[in-house]
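Asks: My questions will all concern the structure given below.
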Amino acid sequence: MTNLAKIYGWGRYPQQDAYLHTPTSCVSLELTAKQQNSVLARGMGRSYGDSANALNVLQTKYINHFIEFDKATGKLTAEAGITLREILEVIVPSGWFLPVTPGTSYVTLGGAIASDVHGKNHHIAGTFGQHVMSLTILLGTGEVLSISPQNYADLFHATCGGMGLTGIIMSATIQLIPIRSSLISQKTIKADCIEAACEAFESNSDATYSVAWIDCLSKGKSLGRSVIMLGEHAEQGGLEIDTRQKVSVPFSAPSVLLNSLTIKAFNTAYWHKSKHNLNQIVGLISYFYPLDAVGEWNRLYGKNGFVQFQCVLPKIDGVANMRKLLTEISNSGKGSFLAVLKQFGTCNKNLLSFPTEGYTLALDFKASVTAIKIVKKLEDMVVDMGGRLYLTKDAVMQESTFKATYPTWEKFEEVREQYGAIGKFSSTQSKRLGLA
Amino acid sequence: MKRILIIGATSAIAEHCARIWAARGDALHLVARNEQHVQVIASDLKVRGASAVTTNSLDLNDMDKHEELLNVADDALDSVDIVLIAHGTLSNQKKCEFSVEETLKEIQTNAFSTISLLTLISNRFEARKNGTICVISSVAGDRGRASNYVYGSAKAMVTAFTSGLRQRLHKSNVAVVTIKPGFVDTPMTSELKKGVLWAKPSDVAKGVVRAINKKRSERYLPSFWWLIMMVIKKIPNSIFKKLFF
């Protein structure tokens, strides 16, 4: 059950050799974990950088069973390796939906908890971890604990957002939200600069879902022009979903395909194609997971891959700071067409959870020496502005940045120490960030 | 709603077939050796929509229990519409070469136990004049190769046996479907190096369910294996014996 292979995150950068352990049941998972000095659970490998990379990774692809689903209360229990997509196939036809969902459904339940993922409803619903009622975790000591916000609360809040560094999540129970339809009524708003975009988020803060596509190449007056998409669950229209994948990128594209010219052309076309104040009814899958329709879209960046940059800036001075950041990005001319802006609500109790109240910006850079330099520059700016970077997207952050911007990291280490995680669970990222 | 007996229910291909059947609301009876593992799968299939799931754990090499296995399944499902036989082990060829015992054990698991079940099931289905029997054989059974001819010869026996059985049962309205998967990325093959020819068990399962729906005779899955095996079967022995794969 062990293979040596090259592994990498969704950004395909950085890559490393690893021993892949693939247990076929929870019993063999416990055994495999025990046999290794240091391991890390790995699900779909959808975090972008090196947070799911380690010398010994324990793949959860066969730990993917439903355990219980109460259709009356919307309480769902499943093993950690199940994907959100598989969950959707079962829950949506019964009138339930995920309380929080990231932009791809190809992540595992365990991964969603370990990254404490957020979605378009963060300003209302918070993160994924806030809807986890309980979970079971395999500790470094070999013990399996059932933990919740009430039981072993310290370990629970270290595990949600803990990047797999507290133990191996084996199963979890989450509270779903009821829906009457698998359709979303979407409203599109155009904002011709970053200030207008942030204002639009503010004035639409009662919308259940809100997210913006942002043009990271436009300059001057139209710097940060955005297309904001608001969404509400529709009241009718049936509960069918179609999760079949339409197309797939068969191989890595020649890396010249994405250059500042093609991206600029795309962004301009997208901006002009979008209509202000447009109301539409769209399917849930295409609203929440537009990129899932294109299998392995990461290959578009060529074989060297890409790095993603996602930061959050505090609300105070947030708009002005966002303008500074966007100016830097648009001057570099390197930003990609997949840039996203969103307003976050308040932060939660999870020790390494990313979201804090303010504005978040996410964008890709085709991996290159220049791109990494830009990302490092942006990192420094974010630190000065009192913001921070998302561990799930990160491939290059410095230890000093991490420790300065996640001030509860010491508390996190204390909890890891207490539950036997130190030395037992680590990733390439955790080593870079100076976690024991 | 179909009533389906799955033998070797913890095998990856069988489990993915069961997920498809569960989603369409079928009633399933699962037979496998590992009690704990089959219980995990049973709970999963209930959530995925199966109208009923029952289990029976036993070692399929215990052929004296096969008659009882079928009685239990009949009771649980109130008659069986479809049987999927999917159990098996991937033999360690090198170990077999040095051990008669090991070789016969592999042939026992991959051929004799299947043939025992087929004999009993076919008589039941023939008498009531309906039913579908699907067996997971393998491309390895099409031609013995140095790297896995013990496993291959067991599967060859299964393929030949089901071919004859299909002819015999045709007039009794009983379909016999022989599936020949190529390389499938499952726990059984986890130690083999993967390449472009490897298929996901979920995709192979879709093909199995489709073949059963359409009562196909023999099916290579994925279908391109038909072409590969046609070429391999055509290689003259004078050349074939000098190759090693």
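From first to last, the protein sequence lines stand for chains A and B. The first sequence begins at 1 in our numbering and counts up by one. The second sequence begins at 1001 in our numbering and counts up by one. Idealized CB from N, CA, C, for every residue including glycine.
(1) Kindly confirm or deny that the stretch 1120-1131 of chain B and the stretch 1165-1183 of chain B touch, where touching means at least three C-beta pairs closer than 8 Å.
(2) Just checking: is the beta-carbon of Asn-56/A within a distance shorter than 9 Å of some beta-carbon in chain B?
(3) According to DSSP, simplified to helix, strand and coil, what is Tyr-359/A?
(4) Whether or not the stretch 1054-1064 of chain B and the stretch 1028-1045 of chain B are in contact is what I'm after, with contact meaning three or more pairs of Cβ atoms, one per stretch, closer than 8 Å; do they touch?
(5) How big is the Cα-Cα spacing for Val-415/A and Asp-154/A?
(6) Could you check whether the Cβ of Ile-1041/B sits closer than 9 Å to any Cβ belonging to chain A?
(7) For Thr-24/A, go through chain B and note every residue whose CB falls closer than 7 Å to its CB, in chain order.
(8) Does the CB of Asn-3/A have a neighbour CB from chain B at under 9 Å?
(9) Ordered along the chain, which non-local residues of its own chain (more than five positions away) have a Cβ less than 7 Å from that of Lys-1065/B?
(10) Taking only beta-carbon atoms, is Ala-1023/B less than 9 Å away from chain A?
(11) If we require 3 or more residues per run, which beta strand (DSSP E) segments fall completely within the stretch 1096-1157 of chain B?
(12) Here's the rule: buried if 16 or more other CB atoms are within 10 angstroms of the residue's CB, otherwise exposed. What is Met-385/A?
(13) So, helix, strand or coil for Thr-101/A, using DSSP?
(14) For chain A, check one thing: does any of its Cβ atoms lie closer than 9 Å to the Cβ of Asp-1044/B?
(15) Could you check where the beta strand (DSSP E) with Asn-1071/B kicks off and where it finishes?
(16) From Gly-1144/B to Ile-177/A, what does the alpha carbon distance come to, in whole angstroms?
(17) Is Leu-1192/B buried or exposed, if buried means 16 or more other CB atoms sit within 10 Å of its CB?
(18) Which first and last residues belong to the beta strand (DSSP E) in which Phe-1258/B is found?
(19) Run through chain A and tell me which residues come within less than 9 Å of Val-1231/B, C-beta to C-beta.
(20) Please determine, among Ala-234/A, Gly-302/A, Ala-404/A, the residue with the shortest C-alpha to C-alpha distance to Pro-254/A.
(21) Reducing DSSP to helix, strand and coil, say where Asn-298/A ends up.
(22) At a CB-CB cut-off below 9 Å, which residues of chain B make contact with Ile-285/A?
(23) Pull out every residue of the stretch 25-50 of chain A whose Cβ sits closer than 8 Å to any Cβ of chain B, in chain order.
(24) In angstroms with no decimal places, state the Cα-to-Cα distance between Thr-1159/B and Val-1038/B.
(25) If you check the beta carbons only, do Ser-226/A and Lys-264/A fall under 9 Å apart?
(26) Rounded to the nearest angstrom, what separates His-123/A and Gln-418/A at their Cα positions?
(27) Can you give me the C-alpha to C-alpha distance between Leu-55/A and Ala-1199/B, rounded to a whole angstrom?
(28) Look up Ala-1022/B in the DSSP assignment and say whether it is helix, strand or coil.
(29) When the Cα of Ile-228/A is compared with those of Phe-354/A, Ile-194/A, Asn-37/A, which residue comes out closest?
Replies: Once the coordinates are examined:
(1) Contact holds: three or more Cβ-Cβ distances are below 8 Å.
(2) Output row for Asn-56/A: interface = no.
(3) DSSP, reduced to helix, strand and coil, places Tyr-359/A within a strand of the structure shown.
(4) yes
(5) 7 Å
(6) yes
(7) Pro-1187
(8) At a cut-off of 9 Å between C-beta atoms, Asn-3/A counts as an interface residue with respect to chain B.
(9) Leu-1058
(10) yes
(11) Complete beta strand (DSSP E) runs here, min 3: 1131-1136.
(12) buried
(13) coil
(14) yes
(15) Per DSSP, Asn-1071/B lies in no beta strand (DSSP E); the unbroken alpha helix (DSSP H) holding it starts and ends at 1066-1077.
(16) 55 Å
(17) Here Leu-1192/B is exposed: its Cβ has fewer than 16 other Cβ atoms, across all protein chains shown, within 10 Å.
(18) It is not possible to answer for residue 1258/B, since the shown part of chain B is limited to 1001 through 1245.
(19) Per Cβ cutoff of 9 Å: no residues; Val-1231/B is ~24 Å from chain A at best.
(20) Gly-302/A
(21) helix
(22) The premise fails here: Ile-285/A is roughly 17 Å from chain B at the closest Cβ pair, so nothing lies under 9 Å.
(23) Those residues of the stretch 25-50 of chain A that come within reach of chain B (Cβ to Cβ, closer than 8 Å) are Ser-25, Cys-26, Val-27.
(24) 27 Å
(25) no
(26) 33 Å
(27) 26 Å
(28) helix
(29) Ile-194/A
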